[in-house]
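Structure, as structure tokens:
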Amino acid sequence: MSNRLAVITGATSGIGAAYARAFARQGYKLLLTGRREPELQGLAERLRTEYGITVSLQLGDLSNTQDRQALVETIEALPELDALVNNAGYAEDGRLGEVAWDKHQALIDVHVVATTQLSHAALPKLLKSKGMLINVASVASWIPTGQSVLYGPTKAYVRSFTESVGLAYRRDGLKALAICPGFTITDFHSRMGIDPDRFYKKKGFTRAWTADQVVARSFQDIEKGKLISIQGWNYRLLVFLMRHLPMSWMMAALGRSESARFSK
Ligand SMILES: NC(=O)c1ccc[n+]([C@@H]2O[C@H](COP(=O)([O-])OP(=O)(O)OC[C@H]3O[C@@H](n4cnc5c(N)ncnc54)[C@H](OP(=O)(O)O)[C@@H]3O)[C@@H](O)[C@H]2O)c1
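Right, dumping it as structure tokens:
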């Protein structure tokens, strides 16, 4: 049994739970975080039974300063750490002026502050173990999301931050990866009141992938030494187009389409 430890934020469902299963399969011990205690307890119990690993939980809201600080202190007190996955996240629907400031602040705290602060706390131990720092961004990090106004900008921060840290510590053995999923079948969209059965497409340019597929791809990419991981031909093509077509074309296309509205 391996003695390696992975910390995963937002492990309750979706991509975070898929990371918990993937690390458990590799024999890692786990520290899982989230707010929904019964779901997190249930997942921990299944992982203990199925993989015979140690799973600890730390409940908390990452938009709350005290809860964030408590997780920082937990990470600092760990004797060793082999992987940190900053996964917790969500989208808030609305244009800039349509959303109250405290909701904007909470999203910035979860996506930007928590990702940065937890990475900072974990870095010395990740350098010692030559471990993994996996931060969950989004294809939206390349796309203006005017109708969920802070989603794209905060995910752009997560991607750029991870690229910066990854390059800075590459020679020290840190394996940093920003994963940039497109539509992924999780609780993310149902939380926003969207019917998952109608929303997720099985084929075509906007097809959705499973959380397990996104996570499997990220492990392949980290092995290859990549800094960015994008699951699915459709989203790799989308990002290629966003990066290489003239900005004016993209803005015209986005302005015409409903895609600037993130959810509905
Ligand atoms: N699904 C997609 O299409 C998609 C695409 C691109 C990127 N992403 C990103 O993938 C990540 C995971 O989302 P998901 O798709 O797996 O959705 P999900 O199933 O809703 O999972 C989100 C996770 O984040 C946690 N979380 C949310 N707000 C939190 C807070 N304030 N404090 C602590 N934990 C919080 C949730 O746990 P609790 O509810 O227990 O707190 C949950 O475990 C997010 O960063 C999201 O932005 C998703």
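Take 7 as the starting number for the sequence shown in the working numbering and just add one per residue. Ideal placement from N, C-alpha and C gives every residue a C-beta, glycine not left out.
C-beta atoms of residue i and residue j nearer than 8 Å
i	j	result
Leu-38	Ala-26	yes
Phe-211	Asn-240	yes
Ala-24	Val-221	yes
Val-116	Ser-166	no
Ala-162	Ile-191	no
Ala-143	Ile-114	no
Leu-233	Thr-168	yes
Ala-127	Val-78	yes
Pro-187	Ile-21	yes
Continuous alpha helix (DSSP H) stretch holding residue i: start and end
i	result
Gln-72	71-83
Leu-46	43-57
Ala-222	217-229
Residue i: CB within 7 Å of a non-hydrogen atom of ligand 1
i	result
Leu-308	No answer is possible for residue 308: the residues shown for the chain start at 7 and end at 270.
Phe-211	no
Leu-183	no
Tyr-241	no
Tyr-96	yes
Pro-150	no
Arg-165	no
Ser-144	yes
Val-13	no
Thr-18	yes
Ser-235	no
Val-116	yes
Asp-193	yes
Ala-217	yes
Ser-135	no
Gly-103	no
Ser-69	yes
Limits of the unbroken beta strand (DSSP E) element including residue i
i	result
Lys-131	No beta strand (DSSP E) holds Lys-131; the alpha helix (DSSP H) holding it covers 120-135.
Val-13	11-14
Ser-62	61-65
Ile-140	138-142
Cβ-Cβ separation, residue j to residue i (assumed contact under 8 Å), whole Å
i	j	result
Ser-235	Arg-223	6 Å
Gly-100	Ser-154	7 Å
Ala-120	Asn-92	7 Å
| Should the segment 174-181 be called in touch with the segment 130-147, which here means at least 3 C-beta pairs below 8 Å? | The segment 174-181 vs the segment 130-147: in contact.
| said: Closer than 8 Å is the cut-off here; do at least three beta carbon pairs connect the segment 91-108 with the segment 43-58? | reply: Inter-segment contact for the segment 91-108 and the segment 43-58 is absent: fewer than three beta-carbon pairs are separated by less than 8 Å.
| Cβ contact (3+ pairs, closer than 8 Å) linking the segment 57-76 and the segment 28-37 | Touching, yes.
| Cβ pair count under 8 Å reaching 3, the segment 147-156 against the segment 73-86 | Taking 8 Å as the limit for Cβ pairs, the verdict is that the segment 73-86 does not touch the segment 147-156.
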